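Student: Taken in sequence, the protein lines are chains A and B.
For the first sequence, my numbering gives the first residue as 52, with consecutive numbering after it.
For the second sequence, my numbering gives the first residue as 52, with consecutive numbering after it.
Beta carbons are placed, not taken as given, at the ideal position from N, Cα and C, and that holds for glycine.
Please read all numbers here as calculations on a predicted model, not as lab measurements.
Below you'll find the structure I mean.
Protein chains: 2
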Amino acid sequence: MPRKQLVAEVINVGNELLDGRTINTNLNWLCGKLSELGYVVRRATIVRDDLNDIAKAVREALRRKPMWLFISGGLGPTHDDKTLQAVARALGKRLKLDKEAFESIRRRYLELAEAGVIKDPSLTKERLKMAKLPEGSKPLRNRVGTAPGVLLEKSGVKIVCLPGVPKELMDIFENELRPLLRETAGDRGFLIQQLFVEGVVESRLAPLLVETMKRFKGVYLKSNPKGAETVSQVIVDFIAEKKDEKKLLEAMEYFSKRIQEIKA
Amino acid sequence: MPRKQLVAEVINVGNELLDGRTINTNLNWLCGKLSELGYVVRRATIVRDDLNDIAKAVREALRRKPMWLFISGGLGPTHDDKTLQAVARALGKRLKLDKEAFESIRRRYLELAEAGVIKDPSLTKERLKMAKLPEGSKPLRNRVGTAPGVLLEKSGVKIVCLPGVPKELMDIFENELRPLLRETAGDRGFLIQQLFVEGVVESRLAPLLVETMKRFKGVYLKSNPKGAETVSQVIVDFIAEKKDEKKLLEAMEYFSKRIQEIKA
């Protein structure tokens, strides 16, 4: 593509993502939203609830200098919620009680007590932990849960920490981050169109994919075989920036015609 | 845990995993199987269909010296299938036509032609590509698709390349790899038991999780809030090696009693 890519990276934290308990739907959702907004997620890293492992992954990601780094999971009140501590360590910053985060958490537990969900709203050390953010952070409001998200910047990389609970992650992304992401993306955004091809195996499509990409620069083709080569059904994705929509449609038309010729 | 961990890593290759098109079920499935067998997946890395990105991820994983490195995706016949080339580059090896892989691919296309799925079974360069493996590789038989898996070793790390099509990945894992994995794992294997807790918020459970882990060494507890702290439903996972099954059950009993005390 001619324009410089808007590169994003994702780090997902959680043992449950690496031992078969949980399917990483957060990554998929984040990637879809970022792609629509024009960002290219270049790499995702999944690590366990281990302070060193998280800090290492963060340091490595920062060295690759993405525009945005999204980290999900590990913001809660329990012993295995270590993300903010790890981020602070990776950045050489200290954790500091954040006034705004403190207030929102305090209010939250008062509400929960009033609603009868908990007996005692006092801010135990486990609850206070969620208000201790790396120095220089801005808390991101969580409308559907307790732990706030976190936004901070290091050497030009915007770092975001989000809760691992999907609806909290989605809430903060949509309400707190989307406007910022739109601002740094401008008119970018990708389109994906799919074409269903039957009766031609993938290996036979391969040269035609390359030919079409050469002819329509800026349009990227990717084939997805459905159930191995024995059943010759393939879904072909046509991907282009929004500004190249016309070219994308032309590429699809050209490709379809050539498929008919092969089949004839 | 007292014994040395059997560490595995996973690299998943594919643009579709990083732009929202595909949920990474392969990672979840692999992690579940590896965990049952006693392996700890320490990190997973997802990269795009980019030669440099894949090679870099492979080199980085090798430096961490896992016992096993599983790479999925990018073994097929199209332009964006670059995994074997990237692995060869990362290892400083050349790609070489493998006799056994060649034979299985040749046979495959003859069968497809006989079955009327394709017209021409000749081995085009796209089809031949799947038989070109990094020097020193052993092809792994793929019973349900065309591209064989690949097994090779570098500085004590067992490297496995698997197709990204889930049923092909599963087939090769179950039939070709399971016996090898069982051999290197011995009597290892993890147990996971879940406990459903209602009426106690996660921040209140937090100190009890730590207390129980201290009391029952070798048993790991992890809480999973269901729908934020407002609804106080939490699933607590109890994880231990198979040999510690008794201890795991005792920990669950202890934990349940303490929960009752908190609620009372």
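Which residue or residues does DSSP assign as beta-bridge partners of G200 of chain A?
Tutor: A:L191.
Student: If A137 of chain A and V109 of chain A are in contact, beta carbons under 8 Å, what's the gap, nearest whole angstrom?
Tutor: 6 Å
Student: Assuming I290 of chain B and K273 of chain B make a contact with CB atoms under 8 Å, what is their CB distance in whole Å?
Tutor: 7 Å
Student: Quick one: which residues of the stretch 74–85 of chain B get their C-beta closer than 9 Å to a C-beta of chain A? List them in chain order.
Tutor: Cβ contacts with chain A come from I74, N75, T76, L78, N79, W80, L81, C82, G83, K84, L85.
Student: Mapping the DSSP letters down to three states, classify D149 of chain A as helix, strand or coil.
Tutor: Here D149 of chain A sits in coil by DSSP.
Student: Can you pull the chain A residues whose beta carbon is under 7 Å from the beta carbon of T175 of chain B, in chain order?
Tutor: Going along chain A in sequence order, the residues near T175 of chain B (Cβ under 7 Å) are S254.
Student: In terms of residues, what are the limits of the beta strand (DSSP E) holding D288 of chain A?
Tutor: For D288 of chain A, the uninterrupted beta strand (DSSP E) segment begins and ends at 284–292.
Student: Within its chain, find whatever has a CB closer than 6 Å to the CB of D288 of chain B; leave out the 5 residues flanking it on each side and keep chain order.
Tutor: I243, Q245, K273
Student: From the DSSP output, in three-state form, read off I310 of chain A for me.
Tutor: helix
Student: Which chain B residues are close to I169 of chain A, counting only those with a beta carbon under 8 Å from its beta carbon?
Tutor: V252, R255, S283
Student: Does any residue of chain A bring its CB to less than 7 Å from the CB of V201 of chain B?
Tutor: no
Student: At a CB-CB cut-off below 9 Å, which residues of chain A make contact with K133 of chain B?
Tutor: Simply none; closest approach about 12 Å.
Student: For the beta strand (DSSP E) that R72 of chain A lies in, which residues bound it at each end?
Tutor: Counting along the chain, R72 of chain A falls outside any beta strand (DSSP E), and DSSP gives it neither H nor E.
Student: Indicate the three-state DSSP secondary structure (helix, strand or coil) for L231 of chain A in the structure shown.
Tutor: helix
Student: Given that a residue counts as buried once 16 or more other Cβ atoms are within 10 Å of its Cβ, and exposed if not, what is I313 of chain B?
Tutor: exposed
Student: Rounding to the nearest angstrom, what Cα-Cα distance links S283 of chain A and N226 of chain B in this structure?
Tutor: Rounded to whole angstroms, S283 of chain A to N226 of chain B spans 25 Å at the Cα level.
Student: Do you know whose CA, among A:E262, A:L148, A:P230, lies nearest K183 of chain A's CA?
Tutor: A:L148
Student: Buried or exposed for E204 of chain A, please, with buried defined as at least 16 other CB atoms from any protein chain shown within 10 angstroms of its CB.
Tutor: exposed
Student: Is the CB of L69 of chain A under 7 Å away from at least one CB in chain B?
Tutor: Residue contact with chain B for L69 of chain A: present (Cβ-Cβ distance below 7 Å to some residue of chain B).
Student: Please tell me whether A302 of chain B and T129 of chain A are closer than 7 Å, where the distance is taken between their beta carbons.
Tutor: no
Student: Just tell me which of B:A139, B:I74, B:A236, B:L191 has its CA closest to the CA of K293 of chain B.
Tutor: With distances taken between Cα atoms, K293 of chain B lies closest to B:A236.
Student: So, with DSSP's three-state summary, where would you put P217 of chain B?
Tutor: helix
Student: To which residues does DSSP link E253 of chain B through a beta bridge?
Tutor: Answer by DSSP bridge pairing: none, since E253 of chain B is not bridged.
Student: Answer yes or no: do L220 of chain A and S86 of chain A have a C-beta to C-beta separation smaller than 7 Å?
Tutor: No.
Student: Can you tell which of A:A112, A:E296, A:G187 has the C-alpha that lies nearest to the C-alpha of K150 of chain A?
Tutor: A:G187
Student: Can you tell me the Cα-Cα spacing of E304 of chain A and K298 of chain A, whole angstroms?
Tutor: 10 Å
Student: Any Cβ of chain A within less than 7 Å of the Cβ of R94 of chain B?
Tutor: Interface annotation, R94 of chain B: in contact with chain A, CB-CB separation under 7 Å.
Student: Answer with buried or exposed for E177 of chain A, where buried requires no fewer than 16 other C-beta atoms within 10 angstroms of its C-beta.
Tutor: Buried: at least 16 other Cβ atoms inside 10 Å.
Student: A108 of chain A by DSSP, collapsed to three states: which one?
Tutor: helix
Student: Let's see if you can read the secondary structure: which residues bound the alpha helix (DSSP H) around L174 of chain A?
Tutor: Element bounds for L174 of chain A: n/a, residue is neither H nor E.
Student: Closer than 8 Å, Cβ to any Cβ of chain B: which residues of the stretch 218–229 of chain A, in chain order?
Tutor: Within the stretch 218–229 of chain A, the residues whose Cβ lies closer than 8 Å to some Cβ of chain B are K218, E219, listed in chain order.
Student: Quick one: residues in its chain with C-beta nearer than 7 Å to the C-beta of L146 of chain B, no 5 flanking neighbours on either side, listed in chain order?
Tutor: L135, Q136, A139, K183, L184, P185
Student: Would you mind working out which of B:D104, B:P230, B:V58 sits nearest A141 of chain B, comparing C-alpha positions?
Tutor: B:D104
Student: List, in chain order, every chain B residue whose beta-carbon is nearer than 8 Å to that of D104 of chain A.
Tutor: R93, R94
Student: Taking 7 Å as the threshold (beta carbon to beta carbon), is V261 of chain B in contact with chain A?
Tutor: yes
Student: Chain A partners of V211 of chain B, CB-CB under 9 Å?
Tutor: The contacting residues do not exist; V211 of chain B stays about 17 Å from chain A at best.
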